[in-house]
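Down below is the structure, laid out as structure tokens.
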Amino acid sequence: MTTLVLAEHDGQTLQAATRNAISAAARLGAVDVLVAGDNVRGVAQAAANIAHVRTVLLAQAPHYAHQLAEEIAPLLVSLAEPYDHLAAAAGSFGKNIMPRAAALLNCPQISDLTEIIAADTFVRPIYAGNVLATVRNPGGKLVLTFRASAFDAAADTGGSADIREVPATAAQNLSRFVRRDLTESERPELTQAKVVVSGGRGLGSAEQFDALMTPLADTLGAAIGASRAAVDAGYAPNDYQVGQTGKIVAPELYIAVGVSGAIQHLAGMQGSKTVVAINKDPDAPIFAVADYGLVGDLFELVPQLTDALKQV
Ligand code: FAD
């Protein structure tokens, strides 16, 4: 079995989720990595250093600079022939490009895999994580996306893969890069953070969300998440949302504050190693998945917790 993993990067740095996809693909057999961009040899070198990587395919052209799906999908197709599987991490980058490649190749895609049972058999969550479907597709090439939080990241050292330049495909010019608006933050990236503190509707306002969650996050060096109700109410930005229609996180520690624990929220955080819940309702469903629960008023408990953590 050989798998070609599409690397996700910003032109300079390889995104950590690519290493999770590589370790998942390594369970199937040999792994090659495709780095596409403009002037991205440094990224290709970083990919070549990753454990398990056999060869890095480097495709460079101006029309790959912004990694538009309309340009990268035909490149994947041009390289697909010798591979059993094409794969990427199941983030917005992979979700954007891989289905296009699958459609162009006329082969099936299996998305958001959390477990590999065999080279043609995989587990993926459905119904907001309430059902785990085992999907088998015997025979033929597959396009796969791996849920990064379900697989350990391959080490970023220890590999010594060859880097091979591959020809660029012709520019499609079907779409045009306009601009990228990124949230600047000193905090760890939500999906990669070891500690996540998440606020819900119980915080009551954007001001209170900020006043309570920011000091708690600062004290723990944590990323901040939010429930969809908190996002919809304008307490927190959209990219904080954790859950079925938000981000999937699996930190060492997840602290849910004023979050009821709706199944759509649990779908995004139930892979967390340790869950702490703070809620005034002892029957809130979040307590069913919590390892530690504090029943009480978050406006009293969160400042107390933050102060206590500062003493540690
Ligand atoms: P609530 O359910 O209103 O809970 C607020 C909690 O705060 C309550 O448990 C209350 O007891 C507690 N509280 C209130 N005041 C205090 C206080 N002073 N002290 C302590 N506790 C207090 N939701 C997501 O989060 N992520 C998703 O990705 C997502 N996707 C969805 C997709 C679909 C298709 C649908 C239909 C829904 C989705 N939802 C999602 C919404 C989800 O169903 C819930 O509505 C949402 O998670 C509720 O957010 P919440 O827990 O903050 O609010």
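Take the sequence shown: its letter number 183 is residue 179 in the working numbering, and every next letter is one higher. Using N, Cα and C, we set each Cβ at its ideal position, and we do this for glycine too. Remember, predicted model here, so these are calculated numbers, not experimental data.
| Query | Result |
| --- | --- |
| CA-CA distance, Ala284 and Ala98? | 39 angstroms |
| Take Ala270 and list the residues in its own chain whose beta-carbon comes closer than 8 angstroms to its own, dropping the five residues that flank it on each side. | At residue 270 the sequence reads Thr, which differs from the Ala that was named. Answer for Thr270: Glu248, Leu249, Tyr250, Asp287 and Tyr288, listed in chain order. |
| Taking buried to mean at least 16 other C-beta atoms within 10 Å of its own C-beta, is Gln237 buried or exposed? | buried |
| If you draw a straight line from the alpha carbon of Thr(-1) to that of Leu138, how long is it in whole angstroms? | 9 angstroms |
| Could you tell me which residues DSSP puts in a beta bridge with Val1? | Val29 and Ala83 |
| For my contact list, Ala226 and Glu185 are in at a C-beta cut-off of 8 angstroms; report their separation, rounded to the angstrom. | Not a contact, Cβ separation roughly 19 angstroms. |
| Name the one or two DSSP bridge partners that Glu161 has. | Leu54 |
| May I ask whether a heavy atom of the ligand FAD can be found less than 6 angstroms away from the beta carbon of Leu290? | no |
| Just to check, is the beta-carbon of Ser256 closer than 6 angstroms to a non-hydrogen atom of the ligand FAD? | yes |
| Could you tell me which residues DSSP pairs with Val245 in its beta bridges? | Answer is none; Val245 lacks a bridge partner. |
| Once DSSP output is grouped into helix, strand and coil, what is the label at Ser194? | strand |
| Can you say whether Pro163 is buried or exposed, counting buried as having 16 or more other CB atoms within 10 angstroms of its CB? | exposed |
| As a quick exercise: from Ser156, Arg175, Gly239 and Thr302, pick the residue whose alpha carbon is nearest that of Thr215. | Thr302 |
| Within the continuous alpha helix (DSSP H) that includes Phe173, where are the two ends? | It is not in any alpha helix (DSSP H) - Phe173 carries neither H nor E in the DSSP assignment. |
| Count Cβ pairs between the region 124 to 133 and the region 17 to 30 that sit closer than 8 angstroms; are there 3 or more? | no |
| DSSP puts Val139 in a beta bridge; with which residues? | Leu82 and Gln105 |
| Could you tell me whether any non-hydrogen atom of the ligand FAD is closer than 6 angstroms to the CB of Gln204? | no |
| What three-state label does DSSP hand Arg37 in the structure shown? | helix |
| Less than 6 angstroms between the CB of Ser201 and some heavy atom of the ligand FAD, yes or no? | no |
| Do you know offhand how far Ala114's Cα is from Phe142's? | 14 angstroms |
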